[in-house]
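Asks:
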């Protein structure tokens, strides 16, 4: 019995081996495939950048005054659409008005001082001119007395008493000249002092005027206006509350233009540039075409690699709203490179492969891909111009499988 079972087991093993061998032969059927020749050409494509429209910028609006001010009125709420210059809030200006009155009084006093200084300067100049005229007259009299004295002495006929009297008159004339000269010097100093006093008074007017102008400017700041066209996205103040420059009263989203953020594959980088115009579509307005401009291409890829962030500026020329879904179409054209039909490329575990038709055999080869469109894909490496690639039944092929090219 043991021998019988042994023979039976051997027989069964032989039968199973024959059956498996028959199955293997049946599996090695030839697959009929289509092929295409790898050619060099410039591939054009469109890259879609999808996202939502967000404001190009947001602006915090704070009061432009030092200190704390009570809010008299608030004219905007969250969601309000505002234009540049619209009044958002009004502050109480009572303390500023009091400061303005005081500054105006100082300015008036400064103008009064200028008026007095001008009068003083005029009097000093007049006194100087009078003293100078008196000096000239005294000098003329002294010159006449000198000539009379000299003539009298030279005549030889004058008595001693006459000469003495003439000498006394000459000395008096000289004394008068000295007195007038001293008066001129004194008035000249007074004139300089008066001119300096006027300059100082006029400078005081300038200072006082600057003080008035500053307070008037501060009062104008009490009317808080929007610096941009946009939408109020936050409001942090109510009438009766106190406002300081430390806390923004409002935040306004600038809706004059929007940004569309997204990513592009690294293969597109050589074909796009900042400043490039792109077409933009907004989902809820399918019939409208908008224009945009690439404003940023990030120098760093996203954390997973392979894709780079971009920003596209979209002018708001048709009442677009923040938060709308949109997409941008970036037209790109690659340099002349190897191009094959899109169906020839097989993705597998993050890698890409093609099957090269090599004399009836499908040879699996890894390739590096570039741009692609709905029909073709750019091959950056792994394939040479003129090689045939298999374009059909790629999903069922294996390396070195026997294939027949479809005629």
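Residue numbers (the working numbering): 154 to 560.
Backbone N, C-alpha and C define an ideal beta-carbon position, used for all residues, glycine too.
None of the values given here were measured: they were computed from a predicted structure.
#1: Taking the beta carbon of residue 261 as the centre, do at least 16 other beta carbons fall within 10 Å, making it buried, or is it exposed?
#2: Can you give the beta carbon distance from residue 445 to residue 481, rounded, assuming they're within the 8 Å contact cut?
#3: Could you check whether residue 244 and residue 396 sit closer than 9 Å to each other, using their CB atoms as the reference points?
#4: To the nearest angstrom, how far is it from the Cα of residue 329 to the Cα of residue 281?
#5: So, with DSSP's three-state summary, where would you put residue 252?
#6: Over the uninterrupted beta strand (DSSP E) stretch that includes residue 554, give me the two end residues.
#7: Beta-carbon separation of residue 527 and residue 495 under 9 Å?
#8: May I ask which residues mark the beginning and end of the alpha helix (DSSP H) holding residue 368?
#9: Using DSSP with H/G/I as helix, E/B as strand and the rest coil, what is residue 549?
#10: When burial is assigned at 16 or more other CB atoms within 10 Å of the CB, is residue 367 buried or exposed?
#11: With H, G and I counted as helix, E and B as strand and the rest as coil, what does DSSP make of residue 238?
#12: Once the 5 residues before and after residue 533 are set aside, which same chain residues still bring their CB inside 7 Å of it?
#13: Hey, residue 323 and residue 347: beta-carbon distance below 9 Å or not?
#14: Please report the straight-line C-alpha distance between residue 498 and residue 508, rounded to a whole angstrom.
#15: Give the secondary structure of residue 269 by DSSP, where H, G and I count as helix, E and B as strand, and everything else as coil.
#16: Tell me, which residues are paired with residue 393 by DSSP?
#17: Skipping 5 residues on each side, what residues in its chain have a beta carbon closer than 6 Å to that of residue 246?
#18: Within 9 Å of any Cβ in chain D, is that where the Cβ of residue 439 sits?
#19: Between which two residues does the beta strand (DSSP E) containing residue 519 stretch?
#20: Could you check what DSSP says for residue 306 in three-state terms: helix, strand or coil?
#21: Distance check for residue 365 and residue 358, CA to CA, integer angstroms please.
#22: Exposed or buried, what is residue 388 when buried is set at 16 or more other beta-carbons lying within 10 Å of its beta-carbon?
#23: Quick check on the burial criterion: 16 or more other C-beta atoms within 10 angstroms. Buried or exposed for residue 174?
#24: Whole angstroms is fine: what's the gap from residue 276's alpha carbon to residue 267's?
#25: Tell me the residue span of the beta strand (DSSP E) that contains residue 427.
#26: Can you tell me which of 188, 249, 206, 224 puts its alpha carbon nearest to the alpha carbon of residue 369?
#27: Between the segment 499-518 and the segment 213-231, do three or more beta carbon pairs fall short of 8 Å?
#28: Could you tell me if residue 453 is buried or exposed, where buried requires 16 or more neighbouring beta carbons within 10 angstroms of its beta carbon?
Replies: So, from the data block:
#1: Exposed is the call here.
#2: Correct: roughly 6 Å between the Cβ atoms.
#3: Cβ distance < 9 Å, so residue 396 and residue 244 count as in contact.
#4: Spanning the alpha carbons of residue 329 and residue 281 requires a straight line of approximately 17 Å.
#5: Residue 252: helix per DSSP, three-state reduction.
#6: 554-558 is the span of the beta strand (DSSP E), which, as asked, contains residue 554.
#7: By the CB criterion at 9 Å, residue 527 and residue 495 fall inside the cutoff.
#8: Note, residue 368: alpha helix (DSSP H), 313-374.
#9: Residue 549: helix per DSSP, three-state reduction.
#10: Classification of residue 367: exposed, given that the 10 Å Cβ count is below 16.
#11: Residue state, collapsed to three classes: coil.
#12: Excluding positions up to five away in sequence, the list reads 490, 521, 522, 523.
#13: With respect to the 9 Å criterion, residue 323 and residue 347 are not classified as neighbours on the basis of their beta carbons.
#14: When rounded, the distance between both Cα atoms is 8 Å.
#15: Helix.
#16: By DSSP's assignment, residue 393 forms no beta bridge with any residue.
#17: Around residue 246: 372, 375.
#18: The structure shown contains no chain D, having only a single protein chain.
#19: Here the beta strand (DSSP E) through residue 519 covers 514-525.
#20: In the structure shown, residue 306 sits in a helix (DSSP, three-state: H, G or I).
#21: Put simply, the backbone Cα of residue 358 is about 10 Å away from that of residue 365.
#22: So residue 388 ends up on the buried side.
#23: Because residue 174 carries a pLDDT of 38, less than 50, the predicted location of this residue cannot be relied on, and no value is offered for it.
#24: Going by the C-alpha atoms only, they are around 14 Å apart.
#25: Run containing residue 427: none; DSSP gives neither H nor E here.
#26: Check the Cα spacing between residue 369 and each of 188, 249, 206, 224: the tightest is with 249.
#27: Short answer: they don't touch.
#28: By the neighbour-count criterion, in which 16 or more other beta carbons inside 10 Å mark a residue as buried, residue 453 falls on the exposed side.
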